[in-house]
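A.B. asks: Could you have a look at this structure, given as structure tokens, before my questions?
There are 4 protein chains.
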Amino acid sequence: MPIPRTPPPPPTRQRRKQARPQELLDAALQLFVERGFASTRMEEVAALAGASKGTLYLYYASKEDLLKAVIRERLSHEIEAGAAIVAAHAGTNADLLRELFVHWWLRVYDSPTSGVFKLIITEVRSFPEISEYYRSEVVEPGKLLIGRVLERGIAAGEFRAVDVPTAVQSLVLPMVMLCVHKHSLGACLKVDDAFDPHAFVRGHVELLLLALTAPAAKRKIPA
Amino acid sequence: MPIPRTPPPPPTRQRRKQARPQELLDAALQLFVERGFASTRMEEVAALAGASKGTLYLYYASKEDLLKAVIRERLSHEIEAGAAIVAAHAGTNADLLRELFVHWWLRVYDSPTSGVFKLIITEVRSFPEISEYYRSEVVEPGKLLIGRVLERGIAAGEFRAVDVPTAVQSLVLPMVMLCVHKHSLGACLKVDDAFDPHAFVRGHVELLLLALTAPAAKRKIPA
Amino acid sequence: MPIPRTPPPPPTRQRRKQARPQELLDAALQLFVERGFASTRMEEVAALAGASKGTLYLYYASKEDLLKAVIRERLSHEIEAGAAIVAAHAGTNADLLRELFVHWWLRVYDSPTSGVFKLIITEVRSFPEISEYYRSEVVEPGKLLIGRVLERGIAAGEFRAVDVPTAVQSLVLPMVMLCVHKHSLGACLKVDDAFDPHAFVRGHVELLLLALTAPAAKRKIPA
Amino acid sequence: MPIPRTPPPPPTRQRRKQARPQELLDAALQLFVERGFASTRMEEVAALAGASKGTLYLYYASKEDLLKAVIRERLSHEIEAGAAIVAAHAGTNADLLRELFVHWWLRVYDSPTSGVFKLIITEVRSFPEISEYYRSEVVEPGKLLIGRVLERGIAAGEFRAVDVPTAVQSLVLPMVMLCVHKHSLGACLKVDDAFDPHAFVRGHVELLLLALTAPAAKRKIPA
DNA sequence: AATGAATGAGGGTTCATTCAT
DNA sequence: AATGAATGAACCCTCATTCAT
Numbered sequence: 007m008p009i010p011r012t013p014p015p016p017p018t019r020q021r022r023k024q025a026r027p028q029e030l031l032d033a034a035l036q037l038f039v040e041r042g043f044a045s046t047r048m049e050e051v052a053a054l055a056g057a058s059k060g061t062l063y064l065y066y067a068s069k070e071d072l073l074k075a076v077i078r079e080r081l082s083h084e085i086e087a088g089a090a091i092v093a094a095h096a097g098t099n100a101d102l103l104r105e106l107f108v109h110w111w112l113r114v115y116d117s118p119t120s121g122v123f124k125l126i127i128t129e130v131r132s133f134p135e136i137s138e139y140y141r142s143e144v145v146e147p148g149k150l151l152i153g154r155v156l157e158r159g160i161a162a163g164e165f166r167a168v169d170v171p172t173a174v175q176s177l178v179l180p181m182v183m184l185c186v187h188k189h190s191l192g193a194c195l196k197v198d199d200a201f202d203p204h205a206f207v208r209g210h211v212e213l214l215l216l217a218l219t220a221p222a223a224k225r226k227i228p229a
Numbered sequence: 007m008p009i010p011r012t013p014p015p016p017p018t019r020q021r022r023k024q025a026r027p028q029e030l031l032d033a034a035l036q037l038f039v040e041r042g043f044a045s046t047r048m049e050e051v052a053a054l055a056g057a058s059k060g061t062l063y064l065y066y067a068s069k070e071d072l073l074k075a076v077i078r079e080r081l082s083h084e085i086e087a088g089a090a091i092v093a094a095h096a097g098t099n100a101d102l103l104r105e106l107f108v109h110w111w112l113r114v115y116d117s118p119t120s121g122v123f124k125l126i127i128t129e130v131r132s133f134p135e136i137s138e139y140y141r142s143e144v145v146e147p148g149k150l151l152i153g154r155v156l157e158r159g160i161a162a163g164e165f166r167a168v169d170v171p172t173a174v175q176s177l178v179l180p181m182v183m184l185c186v187h188k189h190s191l192g193a194c195l196k197v198d199d200a201f202d203p204h205a206f207v208r209g210h211v212e213l214l215l216l217a218l219t220a221p222a223a224k225r226k227i228p229a
Numbered sequence: 007m008p009i010p011r012t013p014p015p016p017p018t019r020q021r022r023k024q025a026r027p028q029e030l031l032d033a034a035l036q037l038f039v040e041r042g043f044a045s046t047r048m049e050e051v052a053a054l055a056g057a058s059k060g061t062l063y064l065y066y067a068s069k070e071d072l073l074k075a076v077i078r079e080r081l082s083h084e085i086e087a088g089a090a091i092v093a094a095h096a097g098t099n100a101d102l103l104r105e106l107f108v109h110w111w112l113r114v115y116d117s118p119t120s121g122v123f124k125l126i127i128t129e130v131r132s133f134p135e136i137s138e139y140y141r142s143e144v145v146e147p148g149k150l151l152i153g154r155v156l157e158r159g160i161a162a163g164e165f166r167a168v169d170v171p172t173a174v175q176s177l178v179l180p181m182v183m184l185c186v187h188k189h190s191l192g193a194c195l196k197v198d199d200a201f202d203p204h205a206f207v208r209g210h211v212e213l214l215l216l217a218l219t220a221p222a223a224k225r226k227i228p229a
Numbered sequence: 007m008p009i010p011r012t013p014p015p016p017p018t019r020q021r022r023k024q025a026r027p028q029e030l031l032d033a034a035l036q037l038f039v040e041r042g043f044a045s046t047r048m049e050e051v052a053a054l055a056g057a058s059k060g061t062l063y064l065y066y067a068s069k070e071d072l073l074k075a076v077i078r079e080r081l082s083h084e085i086e087a088g089a090a091i092v093a094a095h096a097g098t099n100a101d102l103l104r105e106l107f108v109h110w111w112l113r114v115y116d117s118p119t120s121g122v123f124k125l126i127i128t129e130v131r132s133f134p135e136i137s138e139y140y141r142s143e144v145v146e147p148g149k150l151l152i153g154r155v156l157e158r159g160i161a162a163g164e165f166r167a168v169d170v171p172t173a174v175q176s177l178v179l180p181m182v183m184l185c186v187h188k189h190s191l192g193a194c195l196k197v198d199d200a201f202d203p204h205a206f207v208r209g210h211v212e213l214l215l216l217a218l219t220a221p222a223a224k225r226k227i228p229a
């Protein structure tokens, strides 16, 4: 089953036509992530979206096209969401980090969007054009976002003067890996060995904050 | 090019027979990681190993078989190496962590074995049998290994009483992600924006050690 | 050349769809009988039916499937025809035998269905599932059919009290062999040495009737 | 298991070399009959004969060659055996027929040679050269043999003046079919429905003799 | 707009045959 | 004489894509 973002309204002809592209993209994402791009048949995608093979080609010119549309559509939705959180935030930088990871990352983790990370890892080598898009639209903005929070914290004496790029990676890489894992090994292992991703993310941020937080003595106390 | 572990000796009939399986596995790993399993043709693997398609089938009964052999062979080589480091080590637990990450993980990262992580992520959903092997032979032993180091450090008062499973993941997930990245986006982006994996790993461990290390006051001073 | 049962109508898309399965079966029968199952390429079958390889697979899931469909389709057509003759017949049992052999068997002999006998002989060992179908749908009903005619003849005093199963085989085996021969040696030998199958069948029945017919003295004279 | 004509003597090197060709032919006959020519692998033949693939090629230049050797070798053995029976016989022509069918044909039926009939039927279309050999060496001599017995019987007033070619076929075709059946359907059907080939052959000959035998009144009584 | 029948290039796998040992 | 590793042509089957309806 595709996981439609909106509950399916009564499928009148008009509604259908409106909803088609999204339904096709949802179906494609699910199957590409599940079976891999090469092993997913266009017919399966169409069938999962309740359409026929021919219809799929009315919206997307080729399988490769469909892949790129899936990636773009999903990422474009999430990109600014992060920036919005930062913009809206008022509070310590530590709390902002907590906010970003627990709200933004965990929401992504819980949504089908998490599959896009697996999809990109799986398919960039075959479609390198994706990499530039992903780097400029996701990786760089993301690094900048987190990086700026760290820099502000350091400048404010709230954080230690750690190497910012390294800390960004130490913070973010486990999140990406978590998403990837969810759709690879995580989907296979029956024994979930009581691994709770939400708990881990909270623990992870706190652990890293332990490393980041400047010793109290040296801290500038916010008045 | 396959990356033979040993320079090819004069290819007499006998020598070839001995070396073939390894050459084929090396070629397969390279191509499976590069192009994905489904998009790699058996003939390409054979050609890269300097053999013909038919020869490949003399050693591996099917493409799936070849995939599993590639994974097993690579992992079985590295599994004990880690344990050996732990066993051989005499020093602080912090130094042991440094040793494990800088020696073991970076050696894996630099070798073709790093590709196995991508391969597993990419293909487990299609071949779920792999997951159990990987979990029991790699994931669990690995977690135990790092987990015990942390526990010893905590017991010795060297480390803070952090949540061990969380800390293990925070330490390890970036390493896995690094390996995966090397063979996906990392292989596509020309502008390596001066990202130095070795430097990152060292920085990552030190950052986490900042979080782990107990405040001096509370530390048991080793006489 | 396929031997279409009906001259091909204008090949519109719809008409084609209807006619395809039969065209494919006819082509397959011809080639399987001519070249043997294993030596016939699916592409040849498709080409002979004026279709492409892919199309063939739209109708039959595999080569083995195609073989079984060929056999079933041909036999199911002929099975009742024989019973119908028996049911419709009014006359002496000797005449009924003449009818069955000259009408039914010779029609089968002259049609492509004769090839099915060769096909079954050639392929049962490889696909033993065929044997049960053939036995229960063709062999047993056939034996019963002829056997009953003989029994009725014996009961009526028209025939001698011969061993029925033996006589059935003596009557029928040459017919089967004739069909087989037509598609094996018979198709190779140029010098047809004036062998006339129709004449032989008539002669064969009369010869066996000589053996079957009770001496006049002992015959019950039908009033 | 191949069915060697002679119990295998101690396989000393010398013995082996002598026996090899025969062992290979026996193995080939068995497998060709069982699985069909096209579906039998040269390696299987070699293995069944206890040799290696390479060795097989020392004796037979190709698979086709092997097929022809199998057929020739088997048939050449049996051809004169029939003639010998006729030559040696002293008695009524009816008894000679009984002799030929019960001794010669049943011995062939019981031996692996019976498979050659299936083999020829199965493969002539692919290797038409076989047909000429088979016709001139087996079919024609066979027909002549039986035909002459019938003619002598007719001339002697022992038999009715039936059409000789027809009667020959009515006599012989069931025998061939019996051999073919043994290696096709007969090998598949578990329920042998108590069909006894030996009994059938005796019954068949007697039935045909009923047809052949001239009414006593007209018979020339052999003094 | 929607369908699904048709196509044919592509790739996994088999196996007859060769030849160095 | 015997072996069996190596080859590559051949064939079954899949599936992205097209197009008549």
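Chains as they are written, first to last, in the working numbering: chain R, 7 to 229; chain S, 7 to 229; chain W, 7 to 229; chain U, 7 to 229.
Glycine included, C-beta positions come from ideal geometry on N, C-alpha and C.
#1: Taking only the alpha-carbon atoms, compute the straight-line gap between W:A96 and W:L102 and give it to the nearest angstrom.
#2: Figure out for me which residue from S:A44, S:E138, S:I136, S:E84 has the closest Cα to the Cα of S:R113.
#3: Note down, in chain order, every chain U residue with its Cβ under 7 Å from the Cβ of W:R41.
#4: Could you tell me whether the segment 21-35 of chain W touches the segment 73-80 of chain W, using the rule of 3 or more Cβ pairs below 8 Å?
#5: Rounded to the nearest angstrom, what separates W:F165 and U:P221 at their Cα positions?
#6: How do the segment 184-191 of chain R and the segment 202-217 of chain R stand: do at least 3 beta-carbon pairs fall below 8 Å, yes or no?
#7: In three-state DSSP terms, what is U:T128?
#8: Exposed or buried, what is R:R47 when buried is set at 16 or more other beta-carbons lying within 10 Å of its beta-carbon?
#9: Give me the Cα-Cα distance between U:V92 and U:E157, rounded to the nearest whole angstrom.
#10: Fully enclosed by the segment 69-123 of chain U, which beta strand (DSSP E) runs are 3 residues long or longer?
#11: Using a Cβ-based criterion (distance less than 7 Å to any ligand heavy atom), does S:G121 qualify as near the ligand ATP?
#12: With a threshold of 8 Å between beta carbons, is R:S137 in contact with chain S?
#13: Any chance the segment 49-57 of chain W sits against the segment 143-158 of chain W, with 3 or more Cβ pairs inside 8 Å?
#14: Where DSSP assigns a beta bridge to S:F1, which residues make up the other side?
#15: Please compile the residues from chain W whose C-beta is within a distance smaller than 7 Å of the C-beta of U:A217.
#16: Is the segment 61-77 of chain U touching the segment 124-137 of chain U in the sense that three or more CB pairs, one from each, lie closer than 8 Å?
#17: Taking all protein chains shown into account, do 16 or more other C-beta atoms lie within 10 angstroms of the C-beta of U:E212, making it buried, or fewer, making it exposed?
#18: Can you list, in chain order, the residues of its chain with a C-beta nearer than 7 Å to that of U:G121? Leave out the 5 residues immediately preceding and following it.
#19: I'd like to know whether the C-beta of S:P180 is nearer than 8 Å to at least one C-beta of chain R.
#20: Would you mind sorting R:A223 into buried or exposed? The rule is 16 or more other CB atoms within 10 Å of its CB.
#21: Might you give, ordered along the chain, the residues of its own chain that have their beta carbon closer than 8 Å to the beta carbon of W:I160, omitting 5 neighbours on each side?
#22: Which same chain residues end up closer than 6 Å to W:F123 when comparing Cβ atoms and leaving out the 5 residues on each side of it in sequence?
#23: When DSSP labels each residue in this structure, what does U:G42 get in the three-state scheme?
#24: Among residues of its own chain, excluding the 5 on either side of W:A87, which ones have a beta-carbon nearer than 7 Å to its beta-carbon?
#25: Quick check on DSSP: helix, strand or coil for U:Y66?
#26: U:K124 CB to nearest chain W CB: under 8 Å?
#27: Just to check my reading of the structure: U:L216 and W:L179 have Cβ atoms closer than 8 Å, yes? What is that Cβ distance to the nearest angstrom?
#28: Taking the C-alpha atoms as reference points, what is the distance between R:A162 and R:L218?
#29: Measure the beta-carbon distance from W:A44 to U:G42 and round it to whole angstroms, keeping in mind my assumption that it falls under 8 Å.
#30: Quick check: what's the CA-CA separation for R:S137 versus S:G192?
#31: So, with DSSP's three-state summary, where would you put R:H210?
#32: Output needed for U:K69: all residues of its chain with C-beta closer than 7 Å, excluding positions within five of it in sequence on either side, in chain order.
#33: Can you have a look at U:A67 and say buried or exposed, based on whether 16 or more other CB atoms are within 10 angstroms of its CB?
#34: Interface residues of chain W around U:A193 at Cβ under 7 Å?
C.D. replies: Looking at the coordinates:
#1: Looking up residue 96 of chain W in the third sequence gives position 90. Looking up residue 102 of chain W in the third sequence gives position 96. Rounded to the nearest angstrom, the two C-alpha atoms are 8 Å apart.
#2: The residue given as residue 113 of chain S occupies position 107 in the second sequence. Cα-wise, what sits closest to S:R113 is S:E84.
#3: The residue given as residue 41 of chain W occupies position 35 in the third sequence. Under the 7 Å cutoff, chain U gives R131, S132.
#4: yes
#5: Here residue 165 of chain W refers to the residue found at position 159 of the third sequence. Here residue 221 of chain U refers to the residue found at position 215 of the fourth sequence. Spanning the two alpha carbons is a distance of roughly 17 Å.
#6: yes
#7: For this step, residue 128 of chain U is matched to residue 122 along the fourth sequence. If DSSP states are grouped into helix, strand and coil, U:T128 belongs with the helices.
#8: Along the first sequence, one-based indexing puts residue 47 of chain R at 41. Exposed: under 16 other Cβ atoms inside 10 Å.
#9: Counting from one through the fourth sequence, the residue named residue 92 of chain U turns up at place 86. Counting from one through the fourth sequence, the residue named residue 157 of chain U turns up at place 151. Between U:V92 and U:E157, the C-alpha separation is close to 13 Å.
#10: none
#11: Among the components modelled here there is no ligand, and therefore nothing to report on the ligand ATP.
#12: To locate residue 137 of chain R, count along the first sequence from 1; it is residue 131. So, interface residue.
#13: By the Cβ criterion, the segment 49-57 of chain W is not in contact with the segment 143-158 of chain W, since fewer than three pairs of Cβ atoms, one from each stretch, lie closer than 8 Å.
#14: Chain S is shown from 7 up to 229; residue 1 of chain S falls before or after that span and cannot be answered.
#15: The count along the fourth sequence starts at 1 and reaches residue 217 of chain U at position 211. Simply L213, L214, L216, A217.
#16: yes
#17: Taking the fourth sequence and counting its residues from 1, one reaches residue 212 of chain U at position 206. U:E212 is buried by the Cβ-count criterion.
#18: Position 115 of the fourth sequence, counting from 1, holds the residue named residue 121 of chain U. Only L35, V39, H189 meet the Cβ criterion.
#19: Position 174 of the second sequence, counting from 1, holds the residue named residue 180 of chain S. Interface residue, yes.
#20: As a working note, residue 223 of chain R is residue 217 in the first sequence. The predicted position of R:A223 is uncertain, since its pLDDT is 49 and thus under 50; a value taken from the coordinates is nonetheless stated next. With fewer than 16 other Cβ atoms within 10 Å, it is exposed.
#21: In the third sequence, the residue the question calls residue 160 of chain W occupies position 154. These residues qualify, in order along the chain: R166, A167, V168, V170.
#22: Counted from its first residue, the third sequence places residue 123 of chain W at position 117. Closer than 6 Å at Cβ, skipping near neighbours: V182, C185, V186.
#23: On the fourth sequence, residue 42 of chain U is found 36 positions in, with the first residue counted as 1. Three-state result, U:G42: coil.
#24: Locating residue 87 of chain W in the third sequence gives position 81, counting from the first residue. Same-chain partners within the cutoff: W110.
#25: In the fourth sequence, counting from the first residue as 1, residue 66 of chain U sits at position 60. It is coil, neither helix nor strand.
#26: As a working mapping, residue 124 of chain U is identified with position 118 in the fourth sequence. Chain W contact via Cβ: present.
#27: The residue you call residue 216 of chain U lines up with position 210 of the fourth sequence. The residue you call residue 179 of chain W lines up with position 173 of the third sequence. Actually they are not in contact, since the Cβ atoms of U:L216 and W:L179 sit about 17 Å apart, beyond 8 Å.
#28: Taking the first residue of the first sequence as position 1, residue 162 of chain R is located at position 156. Taking the first residue of the first sequence as position 1, residue 218 of chain R is located at position 212. C-alpha separation (whole angstroms): 12 Å.
#29: In the third sequence, the residue the question calls residue 44 of chain W occupies position 38. In the fourth sequence, the residue the question calls residue 42 of chain U occupies position 36. Going by Cβ atoms, the distance from W:A44 to U:G42 rounds to 6 Å, so yes, they are a contact pair.
#30: Here residue 137 of chain R refers to the residue found at position 131 of the first sequence. Here residue 192 of chain S refers to the residue found at position 186 of the second sequence. In a straight line, the C-alpha of R:S137 is about 9 Å away from that of S:G192.
#31: Within the first sequence, the letter at position 204 stands for residue 210 of chain R. Helix at R:H210.
#32: Counted from its first residue, the fourth sequence places residue 69 of chain U at position 63. Taken in chain order, the residues that qualify are M48.
#33: Taking the first residue of the fourth sequence as position 1, residue 67 of chain U is located at position 61. By the 10 Å Cβ count, U:A67 comes out exposed.
#34: For the purposes of this step, residue 193 of chain U is taken as residue 187 along the fourth sequence, with counting starting at 1. The contacting residues are R131.
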